[in-house]
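Asker:
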Amino acid sequence: MAKTVYVIRDDMYHPKEVIDPQIDKAFDRAGWNVVSTDRLRDVLESQEPIDLTVLLTVGRPDGEADIAYAEQQRIVDKVKDGMGILFVHAGLVLIEADSPYYTELNSGRFIGHSHNHVPVDNVPIRNVSHPVLNGISGFTAMDEHYYCQIDIARTDMLMLSTSEAVTAVGAWAHNVGKGRVVGMTPGHTTEALGDPQMIRLLQNAAKWATESR
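Under my numbering, think of the first position of the sequence shown as 1485, with each following residue one higher.
#1: Answer yes if the segment 1559-1576 comes into contact with the segment 1616-1625, meaning at least three C-beta pairs across the two stretches below 8 angstroms, and no otherwise.
#2: What does a CB cutoff of less than 7 angstroms around S1591 pick up in its chain, not counting 5 residues either side in sequence?
#3: Say whether the segment 1602-1616 touches the segment 1675-1690, bearing in mind that this needs 3 or more beta-carbon pairs closer than 8 angstroms, one atom from each stretch.
#4: Assign H1597 to one of three DSSP states: helix, strand, or coil.
#5: From this set, G1661, G1654, R1684, P1680, which residue's C-alpha is nearest P1670's C-alpha?
#6: Using a Cβ-Cβ cut-off of 6 angstroms (strictly less than) and excluding sequence neighbours within five positions of I1595, which residues of its own chain qualify?
#7: What did DSSP end up calling N1688 once you bin it into helix, strand or coil?
#8: Of the choices V1491, H1629, G1566, L1539, whose alpha-carbon is the least far from that of E1695?
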């Protein structure tokens, strides 16, 4: 039976025209019921079970208010009940240090990025083994390098991302209640999001995050 994934995407800096073709590569339509939207609130309003939510943006379209902490808590509760969640690149912004996303999901939180597109080397951390890293040897792409705050005591660091400015955590994963959380920083440009290794990373993360469902 196909699993249902809600893909939250499309904003001024991360348009669906860039994202959707790569998501089509990552999610086989035979194995996934893909619902693409720019509203995270669609996840909260859905009456059907959702196996996985992928945030490539914060999910707040123009004209709507920011996702309130109470709404974040409802997402947290869904994960604790077994829904998988992936925070990818721009899905990591607007997360405050005292927010449920950070204190309970530990999705990581965006604190800055490179001013231009720069070569970013994304490589698995040496001697780290995890299903999300199956078949991943690393890749380099021109990208907007994200720097995130991560509580490394509450997650498993998987990858490092290095640019001319800094080396930062590039991917991490852990369990929360019955659900699973994966964060990853690459994915601003078509080159980065569409790299075969990035597509494989998304596929691995989606599989691992929904294994128990």
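Beta carbons are placed, not taken as given, at the ideal position from N, Cα and C, and that holds for glycine.
Answerer: Let's see:
#1: With a cut-off of 8 angstroms on Cβ pairs, the segment 1616-1625 is not in contact with the segment 1559-1576, counting fewer than three such pairs.
#2: Annotation for S1591: F1571, L1576, I1579, Y1585, V1665, G1667 place their beta carbon closer than 7 angstroms to its own, counting only its chain and skipping 5 residues before and after.
#3: These segments touch.
#4: Three-state DSSP puts H1597 in a strand.
#5: Of the candidates G1661, G1654, R1684, P1680, the one whose C-alpha sits nearest the C-alpha of P1670 is G1654.
#6: Taken in chain order, the residues that qualify are Y1631, Q1633.
#7: N1688 carries a helical assignment under DSSP once its states are collapsed to helix, strand and coil.
#8: When each option's Cα is compared against that of E1695, the closest is G1566.
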